[in-house]
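Visitor:
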Amino acid sequence: MGREGFSTLRVLMCALLVAVHFAHVNPVKALTIFDKEFADVESLLHAKQYANADTKALLLLEQALQQQHMPADMFSSLGELLQNASRFEVSKAIFNAALERYTTEGELEKMASTLLQLATSERHLSNYNTALTYVRRAMSIAHIERNDLLKAKLNLELGIIRQQQNQIEVALEPLKQALDFFRENRMSNEMSLSLLRIGDIYSLLNQASLAHTYYQDAFDSIEGSTDPRLLGTIKTRIGALLLKTGASAQATVAIKEGLELLQVTNDVGAIAEAKMLMGRALVENGETAKGRELLMEAMRFASSSGQAKLMIDGRLALAQAYMKEQDFERALAEAKSGTIDARKSRDLRGQLSFLSLQLSAFVSLGEFKKALDIQSVIQQLREVLLDSENKSAIEGLQAEIELIRQSRTLEKLEESKQLALAQAEREKLQTTLVWSVSLAVMLLTFLVWSRYKQRRQTIILRREVRQQTLDLHKKNEELQAAYKTLEEVSLRDPLTGLYNRHYLESQLPGEIRRSQFSARQSPTTDKAKQDLLCLLIDIDHFKRVNDDYGHIAGDKVLSSFAQVLKNVFRQTDLIIRWGGEEFLVVCRQSNREELPELAERCREMVASTPFDIGLDKPIKITCSIGFSLLSPDKKDNSDVAWERTFAVIDYALYASKLSGRNGWVGVIETLDTDFKNRTPIDEKFNFTGSRIATSFNNIASIQWPDTLDNKQ
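Residue numbers (the numbering used here): 1 to 712.
1) Report back the beta-carbon spacing between Ala64 and Asn266 to the nearest angstrom; my notes put them in contact at under 8 Å.
2) Give me the residue from Ala647, Ser356, Arg146 and Arg592 with the minimum Cα distance to Ala693.
3) What is the DSSP secondary structure of Trp704, counted as helix, strand or coil?
4) Just how far apart, CA to CA, sit Ser659 and Ile681?
5) Let me check one thing: in DSSP terms, what residues is Phe219 bridge-paired to?
6) For Asp531, does the three-state DSSP call read helix, strand or coil?
7) Could you work out which residue in Phe583, Ser188 and Leu132 is closest to Gly224 when comparing CA atoms only?
8) Grouping DSSP H, G and I as helix and E and B as strand, with all else coil, what is Ala655?
9) Work out the CA separation of Gln307 and Val568 for me, nearest whole Å.
10) Between Leu205 and Ile168, is the Cβ-Cβ spacing less than 8 Å?
11) Given Asn662, which residues of its chain have a CB within under 8 Å of its CB, disregarding the five upstream and five downstream residues?
12) By DSSP, does Ala85 sit in helix, in strand, or in coil?
13) Just checking my contact of Ala302 with Leu310 at CB under 8 Å: how many whole Å lie between their CB atoms?
14) Tell me whether Ile621 sits in a helix, a strand or coil according to DSSP, three-state version.
15) Compare the beta carbon distance of Phe328 and Leu365 with 8 Å and say whether it is the shorter of the two.
16) Mind checking whether Gly279 and Gly291 have CB atoms under 8 Å apart?
17) Among Ile161, Thr233, Ser203 and Ala208, which has the Cα closest to the Cα of Ser192?
18) For a test of the three-state rule: what should DSSP assign to Gly666, helix, strand or coil?
19) Over the uninterrupted alpha helix (DSSP H) stretch that includes Val557, give me the two end residues.
20) Could you give the distance in angstroms between the alpha-carbon of Leu461 and the alpha-carbon of Arg451?
21) Just to confirm my understanding: we take Phe88, look at its own chain, exclude 5 residues before and 5 after, and list those with CB closer than 7 Å. What are they?
22) Do you know how far the Cα of Asp612 is from the Cα of Ile537?
23) With distances taken from CA atoms, which of Gln165, Glu669, Ser690 and Arg570 is nearest Lys676?
24) Suppose you measure from the CA of Thr458 to the CA of Arg300; what does that come to, to the nearest Å?
25) Classify Gln454 as buried or exposed, calling it buried when 16 or more other Cβ atoms lie within 10 Å of its own Cβ.
26) Between Leu282 and Ala361, what straight-line distance do the alpha-carbon atoms span, to the nearest angstrom?
27) Quick check on this structure: which residue in Asp555, Phe542 and Gln380 has the alpha carbon closest to the alpha carbon of Pro494?
28) Is the stretch 158 to 176 touching the stretch 213 to 229, taking contact as three or more C-beta pairs under 8 Å?
29) Based on DSSP bridge pairs, tell me the residues matched to Gly579.
30) Going straight from the alpha carbon of Leu615 to that of Val545, what length do you get?
31) Taking Cβ to Cβ, would you say Ala93 is nearer than 8 Å to Leu58?
32) Hey, Glu284 and Leu242: beta-carbon distance below 8 Å or not?
33) By alpha-carbon positions, which one of Ser518, Val135 and Tyr202 ends up nearest to Gln117?
34) Quick one: Cα of Ser695 to Cα of Ser337, how far?
35) Mapping the DSSP letters down to three states, classify Asp538 as helix, strand or coil.
36) What residue range is occupied by the uninterrupted beta strand (DSSP E) comprising Ala693?
See the structure below:
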């Protein structure tokens, strides 16, 4: 969880101590302690100390689980508190504990409500399939219990999930059903939220006029309300729509009003989204630096809370800001990262937006070949997106939703005419009775005909859906091919065929967290295959090859050198062309004791391999290697582990060069206790001690960079 994260081992040990301490606490005292700890979590959230709040909440959960008499409602209250503060990962653990307790107690309706809360948390984390599973389970319980209110809330959540999945035609139907129920029961806040989400769909479809109508209806339905959270959200949505239509000045005013309303709430997620929109508006108005600052602030929050959708929106806005400043390199970097994030979330529209930015950046940089490759991928994605949108279904539902929206006006008109109609009914009762019977017969005939027509339309629609499904399957296969093309363009080095730095940046954080998690989960068990090993390899005197034989010969050496590395290391290891004649290798699920053997095998294989450069005789080359455990210091957290490791292996590589080349120097591991004979690398990186390995005579023969500087 970054610098604000906490050690899983530390949390478990603390939880064990808490469990032992409270093992014999009586129920009344336990509830009092829970209330105090609950208040502490709430205070930490208000103070924006989110990492401490997460730790406190998990400890409180472990404590409560030890108290079998602790009511499940307390778990649910704690989960809602964390969810409202956008701490969705921790809230999932709390709600799961509540669900288990409710299941044991047989509380079906509370089980369904908790499943709805879990679906909301998963949706904010962009885990849409998991969220849908929770909604379906809750809907089954709601049908059994015949709880119409719960069904409406679940339909609202289902519509939001489908909307964020870009399944527009599927999203409108549950939103319409939810709106119908809330309108009939005069639940203004829920009705406003349903109108807001329908407006979001029309905004997504670029139907600005309809979207504004629904946003305004959502605002009017709660205009007298004291709920600043919903009012602020609607205001920011209106601002976003104005920004989309080019009215940046009006958009800034609307977003500012919404942000002021949200600031008085504790909804940090909505505040971050509003700041992101304000950043976009400021960039459009020319206040680029201030706008980028707000965008980065929103992205930092999205990263810490795990909200992938907000992260994608923020990265898109930041890339657009860089394009506006004509900083094409930064814009391209953000667009590439955003493409990867959108692909992970299966966000087709997001991928199209980022790929379009990549296309513009490549054209601006004069890299037209890459631009053509990107254009091909964009065209394939557009075809998939167009085929996935069932416009006929949307038009069929639009009239029904419009009727519901206008129904309140119709009800008022009906009330104003009620007295006059009653008087007319008394005067013409006899005539009306005859006409009523006739009308009933006509209505019955019409209903039978409508039912027949509806059945026919259903059969036709099923056939069309089946055909659309087959077409979509074909497009999915084309999309997979497009993904491969995109990977070749953005993640591989064209000369050697190895992965480049962008690929390493996307894979390495997960590998570091996996390795550290495995070490924490089993601190005393065999760690033979839990380590990450890192080797930095540099071709000796490569400049001479270019100077003596030409750059074409140098390129052949680099390609052959890459093949040697593939023969030395495993297929599961990450082999990266770091730049120039430098190569980086990350060995996964390995043993730190293998580092000297791996380095020597690589050195010997390179030294013994003839490199064909197109002359009568091949040439010989050697390499120098610096290596280390990743991370050398077990105290490093995941954010600084890579930076620290690269500094160590770069320093070790330099020492290998100074000591004569064609050799290796590296750190196998650091020591926890102070070591008397500390080496220059210990002094350089503030290690208490370390185990050094080298291919040279001994450690004393190593020429360290700092030592050489002192001698000079």
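The C-beta atom is built at its ideal place from N, Cα and C for all residues, glycine as well.
Guide: The short version:
1) Mapped onto the sequence shown, residue 64 falls at position 64. Mapped onto the sequence shown, residue 266 falls at position 266. Between Asn266 and Ala64 the Cβ distance is about 23 Å, and since that is not below 8 Å, they are no contact.
2) Residue mapping note: residue 693 aligns to position 693 of the sequence shown, counting from 1. With distances taken between Cα atoms, Ala693 lies closest to Arg592.
3) In the sequence shown, residue 704 corresponds to position 704, counting from 1. In the structure shown, Trp704 sits in coil (DSSP, three-state: anything other than H, G, I, E or B).
4) Within the sequence shown, numbered from 1, the residue matching residue 659 stands at position 659. Within the sequence shown, numbered from 1, the residue matching residue 681 stands at position 681. If I take the Cα positions, the gap works out to 14 Å.
5) In the sequence shown, counting from the first residue as 1, residue 219 sits at position 219. Answer is none; Phe219 lacks a bridge partner.
6) Indexing the sequence shown from 1 puts residue 531 at position 531. Note: Asp531 maps to strand in three-state DSSP.
7) On the sequence shown, residue 224 is found 224 positions in, with the first residue counted as 1. Closest option to Gly224, Cα to Cα, is Ser188.
8) Here the question's residue 655 lines up with position 655 in the sequence shown. Looking at Ala655 - three-state DSSP - the assignment turns out to be helix.
9) Start at 1 with the first residue of the sequence shown, and residue 568 comes out as number 568. Start at 1 with the first residue of the sequence shown, and residue 307 comes out as number 307. Their Cα atoms are separated by approximately 40 Å.
10) For this step, residue 205 is matched to residue 205 along the sequence shown. For this step, residue 168 is matched to residue 168 along the sequence shown. In contact: Leu205 and Ile168 (Cβ atoms closer than 8 Å).
11) Working through the sequence shown from its first residue, we reach residue 662 at position 662. Hits under 8 Å: Asp540, Arg603, Ala607, Thr622, Cys623 and Ser624.
12) Residue mapping note: residue 85 aligns to position 85 of the sequence shown, counting from 1. If DSSP states are grouped into helix, strand and coil, Ala85 belongs with coil.
13) On the sequence shown, residue 302 is found 302 positions in, with the first residue counted as 1. On the sequence shown, residue 310 is found 310 positions in, with the first residue counted as 1. About 4 Å separates the two Cβ atoms, so the contact holds.
14) The sequence position of residue 621 within the sequence shown is 621, counting from 1. Here Ile621 sits in coil by DSSP.
15) Translated into the one-based positions of the sequence shown, residue 328 becomes position 328. Translated into the one-based positions of the sequence shown, residue 365 becomes position 365. Going by C-beta atoms, Phe328 is nearer than 8 Å to Leu365.
16) The residue given as residue 279 occupies position 279 in the sequence shown. The residue given as residue 291 occupies position 291 in the sequence shown. Yes. Within cutoff.
17) Residue numbering aside, residue 192 sits at position 192 when the sequence shown is read from its first letter. Closest by alpha carbon: Thr233.
18) For the purposes of this step, residue 666 is taken as residue 666 along the sequence shown, with counting starting at 1. Residue state, collapsed to three classes: strand.
19) Looking up residue 557 in the sequence shown gives position 557. Start and end: His551 to Val568.
20) Looking up residue 461 in the sequence shown gives position 461. Looking up residue 451 in the sequence shown gives position 451. Those two C-alpha atoms are separated by around 15 Å.
21) Within the sequence shown, residue 88 is the residue found at index 88, counting from 1. Only Ser121, His124, Leu125, Ser305 and Gly306 meet the Cβ criterion.
22) Looking up residue 537 in the sequence shown gives position 537. Looking up residue 612 in the sequence shown gives position 612. Each residue's alpha carbon lies about 20 Å from the other.
23) Within the sequence shown, the letter at position 676 stands for residue 676. When each option's Cα is compared against that of Lys676, the closest is Ser690.
24) For the purposes of this step, residue 458 is taken as the residue at position 458 of the sequence shown. For the purposes of this step, residue 300 is taken as the residue at position 300 of the sequence shown. Distance between the alpha carbons of Thr458 and Arg300: 48 Å.
25) The residue labelled residue 454 in the question sits at position 454 within the sequence shown. It is exposed - the Cβ of Gln454 has fewer than 16 other Cβ atoms within 10 Å.
26) Reading the sequence shown from its first residue, position 282 is the one you call residue 282. Reading the sequence shown from its first residue, position 361 is the one you call residue 361. Computed Cα separation, rounded: 22 Å.
27) Reading the sequence shown from its first residue, position 494 is the one you call residue 494. Nearest of Asp555, Phe542 and Gln380 to Pro494, Cα basis: Asp555.
28) no
29) Numbered from 1 along the sequence shown, position 579 holds the residue referred to as residue 579. Its beta-bridge partners are Glu582.
30) Taking the first residue of the sequence shown as 1, we reach residue 615 at position 615. Taking the first residue of the sequence shown as 1, we reach residue 545 at position 545. One C-alpha to the other measures close to 13 Å.
31) Here the question's residue 93 lines up with position 93 in the sequence shown. Here the question's residue 58 lines up with position 58 in the sequence shown. Yes, Cβ-Cβ distance for Ala93 and Leu58 is below 8 Å.
32) Taking the sequence shown and counting its residues from 1, one reaches residue 284 at position 284. Taking the sequence shown and counting its residues from 1, one reaches residue 242 at position 242. No; because the gap between Cβ atoms is not below 8 Å, this pair is not in contact.
33) Here the question's residue 117 lines up with position 117 in the sequence shown. Closest option to Gln117, Cα to Cα, is Val135.
34) Here the question's residue 695 lines up with position 695 in the sequence shown. Here the question's residue 337 lines up with position 337 in the sequence shown. Cα to Cα, Ser695 sits roughly 40 Å from Ser337.
35) Working through the sequence shown from its first residue, we reach residue 538 at position 538. Strand at Asp538.
36) As a working mapping, residue 693 is identified with position 693 in the sequence shown. Segment Ser690 to Thr694, the beta strand (DSSP E) holding Ala693.
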